[in-house]
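K.L.:
Residue numbers (the working numbering): 7 to 222. Glycine is no exception: its CB is placed at the ideal position from the N, C-alpha and C atoms. One structure, pasted below without further comment.
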Ligand SMILES: Cc1cc2nc3c(=O)[nH]c(=O)nc-3n(C[C@H](O)[C@H](O)[C@H](O)COP(=O)(O)OP(=O)(O)OC[C@H]3O[C@@H](n4cnc5c(N)ncnc54)[C@H](O)[C@@H]3O)c2cc1C
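In structure tokens:
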């Protein structure tokens with residue numbers, strides 16, 4: 007749902023509820039052709055899903071690094087290498103915040119020319135963040151869009167998906183993760199409502215043959 011619609015919906019809901027005193031939020035939401043607010047159970051129409059409605063199947067590996075993303079700095083010869091990989095199932099979600107951290111590290115070297123290796127979501131957000139910081143950026147990559155793994159991913163807001171294991175990540179990871187997540191959220195928020203809808207709010211549903219409160 008677009009943010010504009012969300013606000014329009016809440017104002018309209020207030021107006022309708024005052025006029026008709028709907029018995030429940032889902033009833034009012036249905037009358038408005040909107041989705042009920044979280045915490046209530048909307049009435050979903052039955053899905054008519056058939057194999058011939060599948061338009062695409064994508065398969066690829068979801069990489070996982072037990073210690074969480076690697077963001078450390080290494081000196082190789084006269085080059086400063088800043089590692090930036092290993093975001094597991096959270097690369098889209100944490101990308102801007104993670105890029106902000108590594109570009110900060112690059113900036114502290116006072117070097118203006120930066121080479122970014124790779125143009126998945128991590129490479130692209132790093133390159134853009136570095137450009138916005140005034141650096142001259144060149145991207146070197148094996149695969150161009152749309153052939154990166156990032157393009158095959160969902161791109162949903164899932165900042166805690168397969169991001170790390172508690173022990174290998176260590177005690178400092180929680181605050182680093184929070185820093186990345188908060189910065190990314192704020193950055194994505196700025197893209198709401200732009201032409202082409204690069205970012206939007208969507209309802210999503212999970213199907214299961216067994217009730218969700220039972221272990222399958
Ligand atoms: C199925 C699936 C669903 C996902 N869903 C989500 C989601 O909903 N939300 C979310 O936040 N995250 C999600 N993720 C995770 C997210 O997609 C990844 O964390 C993210 O795409 C990783 O980005 P990347 O740029 O590091 O890697 P990639 O997209 O793999 O990009 C790597 C780049 O490096 C280049 N490269 C590789 N080797 C070399 C080389 N030797 N020389 C030069 N260039 C090289 C490649 O060509 C490519 O350009 C999902 C992942 C998968 C697999």
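Report all residues from its chain with a CB closer than 6 Å to the CB of residue 27; omit the five preceding and five following residues, and keep chain order.
P.N.:
Residue confidence is low: residue 27 scores 47 on pLDDT, short of 50, so the model does not pin down where it sits. No coordinate-derived value is stated.
K.L.:
I need the boundaries of the beta strand (DSSP E) containing residue 121, first residue and last residue.
P.N.:
Residues 119 to 123.
K.L.:
Ignoring anything shorter than 4 residues or poking outside the stretch 102 to 146, list the alpha helix (DSSP H) runs there in chain order.
P.N.:
For the stretch 102 to 146, whole alpha helix (DSSP H) runs of length 4 or above, ordered along the chain, are 127 to 138.
K.L.:
Following a CB-centred definition, is residue 192 positioned closer than 7 Å to any heavy atom of ligand 1?
P.N.:
The answer is no for residue 192.
K.L.:
Beta carbon of residue 146: closer than 7 Å to some heavy atom of ligand 1?
P.N.:
Yes, the beta carbon of residue 146 sits closer than 7 Å to at least one heavy atom of ligand 1.
K.L.:
Does ligand 1 have a heavy atom nearer than 7 Å to the CB of residue 78?
P.N.:
False, no ligand heavy atom lies under 7 Å from that Cβ.
K.L.:
In angstroms, rounded to a whole number, what distance separates the CA positions of residue 50 and residue 62?
P.N.:
Cα to Cα, residue 50 sits roughly 24 Å from residue 62.
K.L.:
Since residue 81 is in the beta strand (DSSP E), which residue starts that stretch and which ends it?
P.N.:
79 to 82 is the span of the beta strand (DSSP E), which, as asked, contains residue 81.
K.L.:
With respect to 7 Å, is the separation between the Cβ of residue 68 and the closest non-hydrogen atom of ligand 1 below this value?
P.N.:
For ligand 1, at least one heavy atom lies less than 7 Å from the Cβ of residue 68.
K.L.:
Are three or more beta carbon pairs between the stretch 137 to 153 and the stretch 163 to 179 nearer than 8 Å?
P.N.:
Counting Cβ pairs under 8 Å, fewer than three are found: no touch.
K.L.:
If you pair each beta-carbon of the stretch 88 to 107 with each one of the stretch 181 to 192, do three or more pairs fall below 8 Å?
P.N.:
Cβ pair count under 8 Å is three or more, so yes.
K.L.:
To which residues of the same chain is residue 84 closer than 7 Å at the C-beta, ignoring the five residues directly before and after it?
P.N.:
Excluding positions up to five away in sequence, the list is empty.
K.L.:
Pop quiz: residue 112 and residue 88 are said to be a contact at Cβ under 8 Å. What is the actual Cβ separation, rounded to whole angstroms?
P.N.:
Right, the Cβ-Cβ distance comes to about 6 Å (below 8 Å), so this counts as a contact.
K.L.:
Give the range of the alpha helix (DSSP H) segment to which residue 172 is assigned.
P.N.:
It spans 172 to 175 - the alpha helix (DSSP H) in which residue 172 sits, taken as one unbroken run.
K.L.:
Nearest to residue 69 by alpha carbon, out of 58, 143, 155 and 54?
P.N.:
For residue 69, the nearest C-alpha among the options comes from 155.
K.L.:
CA-CA distance, residue 86 and residue 122?
P.N.:
C-alpha separation (whole angstroms): 12 Å.
K.L.:
In the DSSP output, which residue or residues are listed as bridge partners for residue 76?
P.N.:
In DSSP, residue 76 forms a bridge with 91.
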